[in-house]
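Student:
2 protein chains.
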Amino acid sequence: MEIEEIHITPWEAEAFVDYERLVKIFGAKPLTDREVDMLANVAGEVHVMIRRRVFYSHRDFDIFLEAYKSGRRCALYTGRGPSGHTHLGHILPWIFTKWLQDKLGLELFFQMTDDEKYWHSESGSLEEFNSLAYENILDLAALGLDPSKTHVIIDSEDISYLYPIAIKIAKKITYSTQKASFGFTDSTNIGMIYYPVLQMAVAFLPSELYRDQVMVLIPAGIDQDPYWRLTRDIAPSLNYPKPAQIHNKLLPGLGIGGKMSSSKPETAIYTTDPPDVAKQKIMKAFTGGQPTAQLQRKYGGNPDACPIYKMYEMLFEDDDKKLLDRYNACKTGNLLCGECKAELAERVAKFLINHQERRGKALNYVEKYLIRHKFDVPKVRNPNRNTK
Amino acid sequence: MEIEEIHITPWEAEAFVDYERLVKIFGAKPLTDREVDMLANVAGEVHVMIRRRVFYSHRDFDIFLEAYKSGRRCALYTGRGPSGHTHLGHILPWIFTKWLQDKLGLELFFQMTDDEKYWHSESGSLEEFNSLAYENILDLAALGLDPSKTHVIIDSEDISYLYPIAIKIAKKITYSTQKASFGFTDSTNIGMIYYPVLQMAVAFLPSELYRDQVMVLIPAGIDQDPYWRLTRDIAPSLNYPKPAQIHNKLLPGLGIGGKMSSSKPETAIYTTDPPDVAKQKIMKAFTGGQPTAQLQRKYGGNPDACPIYKMYEMLFEDDDKKLLDRYNACKTGNLLCGECKAELAERVAKFLINHQERRGKALNYVEKYLIRHKFDVPKVRNPNRNTK
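Going down the list, the sequences are from chains A and B.
As numbered in numbering that gives the first Met the number 0, residues 0 to 387 make up the first sequence, in order.
As numbered in numbering that gives the first Met the number 0, residues 0 to 387 make up the second sequence, in order.
1) Mind listing the chain B neighbours of aspartate 185/A? Cutoff is C-beta to C-beta under 8 Å, in chain order.
2) Beta-carbon within less than 7 Å of isoleucine 370/B's beta-carbon, same chain only, minus the 5 sequence neighbours each way: which residues are those?
3) Please compile the residues from chain B whose C-beta is within a distance smaller than 7 Å of the C-beta of aspartate 114/A.
4) May I ask you to list the residues that DSSP assigns as paired with serine 206/A?
5) Using Cβ-Cβ distances below 8 Å, what residues of the segment 96 to 112 of chain B are close to chain A?
6) If you draw a straight line from the C-alpha of lysine 116/A to the C-alpha of lysine 263/B, how long is it?
7) Beta-carbon within less than 6 Å of glutamate 129/A's beta-carbon, same chain only, minus the 5 sequence neighbours each way: which residues are those?
8) For lysine 352/A and aspartate 272/A, what's the separation of their Cα atoms in angstroms?
9) Helix, strand or coil for serine 159/B, going by three-state DSSP, please let me know.
10) If we ignore side chains and look at the alpha-carbon of each, how far apart do alanine 277/B and alanine 219/A end up?
11) If you draw a straight line from the alpha carbon of glutamate 106/A to that of isoleucine 192/A, how long is it in whole angstroms?
12) According to the neighbour-count rule (16 or more other Cβ atoms, all chains shown, within 10 Å of its Cβ), is glutamine 295/A buried or exposed?
13) Between the C-alpha atoms of glutamate 1/A and tyrosine 76/A, what's the straight-line distance to the nearest angstrom?
14) Smallest Cα separation from arginine 52/A: which of Leu343/A, Ala66/A, Asp375/A and Lys309/A?
15) Whole alpha helix (DSSP H) runs in the segment 286 to 372 of chain B with 4 or more residues, listed along the chain?
16) I need the straight-line Cα distance from leucine 204/B to isoleucine 164/B, nearest angstrom please.
17) Have a look at isoleucine 24/A and leucine 99/A and give me their C-alpha separation to the nearest angstrom.
18) Report the rounded CA-to-CA distance for aspartate 101/B versus threonine 187/B, giving the unit in angstroms.
19) If you count every other CB in all the chains shown that lies within 10 Å of the CB of glutamine 110/B, and 16 or more means buried, which is it?
20) Would isoleucine 158/B count as contacting chain A if we go by Cβ distances under 8 Å?
21) Output, in chain order, the set of chain B residues within a Cβ distance shorter than 8 Å of isoleucine 192/A.
22) CA-CA distance, leucine 362/A and lysine 248/B?
23) What is the DSSP secondary structure of methionine 214/B, reduced to helix, strand or coil?
24) Is the CB of proline 205/A under 8 Å away from at least one CB in chain B?
25) Is DSSP giving arginine 58/B helix, strand or coil here?
26) How should alanine 121/A be labelled, buried or exposed, when 16 other C-beta atoms within 10 angstroms of its C-beta is the threshold for buried?
27) Could you check whether the Cβ of glutamate 356/A sits closer than 8 Å to any Cβ belonging to chain B?
28) Using a Cβ-Cβ cut-off of 8 Å, state whether tyrosine 239/B counts as contacting chain D.
29) Strictly by DSSP, which residues pair up with phenylalanine 150/B?
30) For the segment 52 to 99 of chain A, which segments carrying the beta strand (DSSP E) assignment without a break, of at least 3 residues, lie completely within its bounds, in sequence order?
31) What residue range is occupied by the uninterrupted beta strand (DSSP E) comprising glutamine 244/B?
32) Using the three-state DSSP reduction, which class does proline 240/B fall into: helix, strand or coil?
33) Okay, do the segment 330 to 344 of chain A and the segment 279 to 288 of chain A touch, 3+ Cβ pairs below 8 Å being the bar?
34) Return the residue from the list Asp185/B, Leu253/B, Arg50/B and Ser261/B that minimises the CA-CA distance to isoleucine 89/B.
35) Kindly indicate if chain A contains any beta-carbon less than 8 Å away from that of proline 162/B.
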């Protein structure tokens, strides 16, 4: 009931939500200095997204870090529903995930849910979503995720890695549970109803591949939380460790309210946007400023409700001092929206030029990310099998 | 409503049902002399199970035979839920399927639904049902099904063959449809709710493997009909031919009412039963005879409601004249149940000795039946894929 008021599901989300309240409703914990210190202790430093609490809540992140420190096998897991090209809202958690991968030397399992996107879509063929999965891998490559430690599972093609685990999960979940967790109705297609078990299965895949109790950390948007609550409920009964999570806030879209969303392309900067197009989108964006320059100078703007400011805070200004200056200059009316936008537009354009060049080069080695070239399918264990 | 009265679902069935009424309710067609003649025309002869209408109803069997005669690519499809060892009720349609394979030279796709049996079971591990799937293949081998033309799909291990097709089917089916077709409730696990798409997917697999519009004939018990009705409803929208069916009656169990069922082991003769155990089960069986020899001589028995007589009719007496003599001798009281059982027991024991010897030898070549050694996984077609 309360969750519906806040309106966050894996398929739709507002951006400027009351994250503190959300944490309470979802039963997660806010990220505190204690966990941040623990991370600094093992990583040697702290990422800007942690410092600014872009990643702001968690479940068992402390337990994960303790396990890591004690030498226990750990892994990362995140993913993407390839419904279109990648935009900045998608790569936000991937940037942090890459940092974790580099600092902690962890394997990352990355799920491309082309099946889910096909089931959820009004139009579009399975082949198209599958193609987009391969497109999206180019962005992982462009961000520099290590191909020897990043293992991409494309659901429609790599299902055999997940299915033996998914069978066991599916037996534990009734239709009632799915209705309550995901808001399905009787007219939902059974692909959608079944799909969550596949997203859950990846959390247990490292344990199967390594035949070990692998501690998994999932960095992902808070909108994915319903999957992880269910995954954690079920883990003990299947003798897997509960996966830990660290949740990021959603990058606001360039329109009024809402997260950066593929379903509203004018509100999102895609990694494939020509830099000039991206600039135009930014220049036309909604802001937290006043309607006119005169009013802005007089009353100041509201950076806390401004998607342009949030772009600086979450992605495009690493320097805390400069960010604070920008915040204050906006508040006091010294900084006008046009100027603030123009500077962001330049930074975004520069990022895109660089990213697109790396993306083009990645065509040569995208296959190196595919799990199918690196791991055998886990066996349905069958010691008494009657074959030779 | 009416279907519930007759009480046939894929998971539970009575044996002595009103098959004529069932055909009407299910909207299938009774097998007539026309189809039998068409079969004789292409096969050169007619199998005893057709002559006696053990296979008694169909959908598009005539269209299938016409397609076959015209040189169109055709295939057979049947399967087994490996919930235990194979019993005589299971092998009945396999014997006819082998005959079709031999006479028409057809490839057979055979699904082992270890996932479904695990989802449906109260106890038992996935590994156990998977082991049973391999056990059950030995029976296909013992019956002489051609390993070069018989391709076994074990769901938990060969899911990648089915999944791209299953994704497309799942999108077309809502939970409401599943409820109505299979009687699921909100407390059914989502494995069961999803499973039907996998049974349906095999009907379209030959078309994917051969990249052709392959006409598929499914010989199977009438209790599997809900799957095929749904499969046929969906086929045109996915651009596959509707699969044809030919339905057999269910072999009665040795108890009162009910089909030969793994859930009541004393009512079933397993292919792995020691011959003496099988004999004892037959001698203890319920019959259509009178309580005493004296009453039997006076009033005669009722072979139409007798599982012993049905065993002769459906499996153990090929000679029509001898079968009719037995029927009449029972009816008139000239044949006593003990005598009739003893003769059946000898035939069954002889069959088992022979079958078990072949079954043992099959251990050496069971792998030859597995689809994974013979066909590549069909591709999610993706001509624009960005990999090299």
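Beta carbons: idealized from backbone N, C-alpha and C, even for Gly.
Tutor: Taking the geometry as given:
1) Thr173, Tyr174, Ser175 and Lys178
2) His150, Val151, Ile152, Asp157 and Tyr160
3) Ile166
4) In DSSP, serine 206/A forms no bridge with anything.
5) none
6) 44 Å
7) First, the residue type needs correcting, since residue 129/A is asparagine and not glutamate in the sequence shown. Asp113 and Ser155, listed in sequence order.
8) According to the sequence shown, residue 352/A is isoleucine rather than lysine. So the alpha carbons of these two residues sit roughly 10 Å apart.
9) helix
10) 60 Å
11) 29 Å
12) buried
13) Any reading at glutamate 1/A is ruled out, since the residue's pLDDT is 37, under 50, leaving its predicted position unreliable.
14) Lys309/A
15) 292 to 298, 306 to 310, 319 to 330 and 336 to 361
16) 8 Å
17) 27 Å
18) 41 Å
19) buried
20) yes
21) Tyr174, Ile189, Ile192 and Tyr193
22) 57 Å
23) strand
24) no
25) strand
26) Just to set this straight, residue 121/A is glutamate in the shown sequence, not alanine. Exposed.
27) no
28) No chain D is part of this structure, whose protein chains are labelled A and B.
29) Inspection of the sequence shows that residue 150/B is occupied by histidine rather than by phenylalanine. Histidine 150/B pairs with Phe108/B.
30) 54 to 58 and 73 to 79
31) 243 to 247
32) coil
33) yes
34) In the sequence on display, residue 89/B carries histidine and not isoleucine. Here the closest residue by C-alpha is Ser261/B.
35) With the sequence shown as reference, residue 162/B is identified as tyrosine, and proline is not the correct amino acid for it. With 8 Å as the cut-off, tyrosine 162/B counts as an interface residue toward chain A.
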